[in-house]
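Structure, as structure tokens:
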Amino acid sequence: MFVRRSLQTRSARTVVPGYRPHCSGALVAPLASGADVKGDTSTSAPLPKSARYAGFLSIFWLWAGGNVLLTNFISGSSYSIGLGFWNMLVVTVAGFMLGYAFCSWNSQRSARYGVDEIVSLRPAFGHRGSSYGTLLLVCINFGWVGILASLAGTAAHIVAHGQGVSFQGDYYVYAIGAGIVLPLLIITYSQKAAFIVSRFAVPVLVVFVLYIVFRLATDGHMATIVGHPGDGSAGWADAFEIVFAFSISWFPYLGSWNRFSKTEKSSFWGTYLGLLLTGVMFAVVGGMATLATGEIDPAVWANELDLGLVSLLIIILGTVTAVTHLLGSGSTGILSTFPRTNYRVVCLLVTTPSIIFVFGSSLQEIFNILLVFIGLLVGPYWAVALADYFFLRKQKFDVRACFDRSGPYWYVRGFNPFAFASTLVGMIVWLFLGGWLSGFSLLTFPAGQTAFNYISATLPAMAVSGLVYYLLGKTVVPRLGMGGYKAVVGARIPAMVPAKS
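Residues 1 to 501 (the UniProt record's numbering) are what the sequence shown spells out, left to right.
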């Protein structure tokens, strides 16, 4: 992309877990009962502090596991030839440091209140408006799972051929079996399985990437890699856009797992360091391997570098690990919107459409389209949620109101029109700056393309959408008595703040 040459439920007596009324003496109504959360299951209801079992290391290994190997290899490979080694290294480190900081900030809503990502969007977008986040989550899931399944299929295909095993359609069998069916079986068995898989897979994958660096050095590739001049097919803005859009693609997934975090601190640093350390490591090594071989597909360059049979098996392990995370998060997101749906049925529905991408024409094209989709639709939407939580609500919202259709987060028939208007403004900014990345002349604006070379597209679009909503949240929205920013006359909804940990 952006490369110019290619374009468990609680009883009815459970109180709101971990919270106290802002005003002294007020009683806290049971959360897991009554109309407020009618029909909601443990998947969408807030987790009490006693049910949150993930400390720093658990969160760290989880996000390190979700961010390793295949997808990050591809991100670094996408712009390494265009920039050359040193420029690739600088942009990768700087871009991921900023991008994953946004991810860690975004994780704080769910870590503080124990709610799923989609539920945490309700204060900003409304009960029904948060469903848009579910839609984005599902669509992103389809793309990532499809890409990862394709890579697993390629790796398994090479392994099988090396052992003399070949049959018609074998690639598709391997891709669907190793990249989709196996992770599906793991996550339908237990959502906690993702933590277990990560603790095993991450150390193995880190050792693998260090082995790649060792082989690149000992086989005489380092001189070629370091001395490789950029061919100009990608500029720094192109590379930064890839890195930043890739980073924020984690936005829809964060709350599904970070709601299990014991503290906000462990959530923030576990997420940040887990994503950053493995993200930078794998993106840089992926870029180096591409500079040495000219190939983007990890399975292909691993074979060309003669890394051995074990390396291809590890690539498959990386696929299973990442897809397990994606399916778990995607299923939880849907259950937050449709809580009465069977968990295993949802897992199946989230997985099946990804098979389409296995039959895609080009790995690079699918990767490009997915990142354009993320930059345009995900960035501005979640920027509004960040502005709402940190700057307007000062990290406090009413948990019960997230489940109360007569509460302040219902807005207008379940939608906050001002939040969506702000999101739309951000999307327009993105289209002006980065519309040309889609390849459609109708969305290409020369002035915007020129500006892109200096400021990229996704980060400015997020800044604009967040700023617009901040201004509306300070002026128009409170005057209309929406969102709980200003108490509505006659309303008796106690403000909820987290208890001190």
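The beta carbon of each residue, even a glycine, is placed where N, CA and C say it ideally should be.
As computed with DSSP, G84 is found in a beta bridge with P229. The segment 294-311 makes no contact with the segment 98-112: fewer than 3 CB pairs, one atom from each, lie closer than 8 Å. Put simply, of T458, V464 and G330 the residue whose alpha carbon is nearest the alpha carbon of S256 is G330.
From the listed residues L98, G434 and I180, the smallest Cα separation to L443 is found for G434. F397: not part of any alpha helix (DSSP H); DSSP gives it neither H nor E.
Segment contact: the segment 184-197 against the segment 385-399, fewer than three CB-CB distances shorter than 8 Å; contact not assigned. V412 is bridged by DSSP to F415. With a threshold of 16 other beta carbon atoms within 10 Å, L210 falls short and is exposed. Contact between F282 and I147 is ruled out by a C-beta separation of about 15 Å, above the 8 Å threshold.
Distance from M88 to Y79 at the Cβ level is roughly 6 Å; contact confirmed, criterion being Cβ atoms closer than 8 Å.
Distance between H325 and V300, taken at the CA atoms: about 24 Å.
Rounded to whole angstroms, V119 and K265 show a C-alpha spacing of 21 Å. Listed as beta-bridge partners of S261 by DSSP are A54. By the criterion of a C-beta distance shorter than 6 Å, F445 is surrounded in its chain by F432, once the five residues flanking it on both sides are discounted. Taking C-alpha positions only, Q449 is separated from V476 by approximately 34 Å. Cβ contact annotation for S131 (same chain, cutoff 8 Å, sequence separation greater than five): I118 and T337, in chain order.
When only Cα atoms are considered, N72 and D231 end up about 22 Å apart.
Here V477 carries a helix assignment [DSSP, helix/strand/coil]. Annotation: Y485 is outside any alpha helix (DSSP H) and is labelled neither H nor E by DSSP. Residue range P446 to I455 is occupied by the alpha helix (DSSP H) that includes A451.
Here I296 carries a coil assignment [DSSP, helix/strand/coil].
Going by beta carbons, A385 and Y469 fall outside the 7 Å limit. Sorting A463, G286 and L254 by C-alpha distance to the C-alpha of T271 places L254 at the top. One alpha carbon belongs to V284, the other to G483, and they sit about 44 Å apart. Bounds of the alpha helix (DSSP H) holding F246 are W236 to I248. Scanning its chain for C-beta atoms nearer than 6 Å, with the 5 sequence neighbours on each side dropped, one finds no residue around L313. Excluding sequence positions up to five before and after F56, its CB lies within less than 7 Å of the CB of S266, W269 and G270, all in the same chain and listed in chain order.
A check of alpha carbon separations from F359 across V145, A223, M427 and L137 identifies V145 as the nearest.
Scanning its chain for C-beta atoms nearer than 7 Å, with the 5 sequence neighbours on each side dropped, one finds around P460 the residues V429 and L433, in chain order.
Annotated three-state conformation of Q163 is coil, per DSSP. Less than 7 Å separates the beta-carbon of F367 from that of I74. Taking 7 Å as the cut-off, the beta carbon of A322 is found no closer than this to the beta carbon of G375.
In the structure shown, P353 adopts helical secondary structure according to DSSP, grouped into three states. Membership of V213 in the alpha helix (DSSP H) is indicated by the continuous run A193 to T218. Here R259 is near L47, since their CB atoms are less than 7 Å apart.
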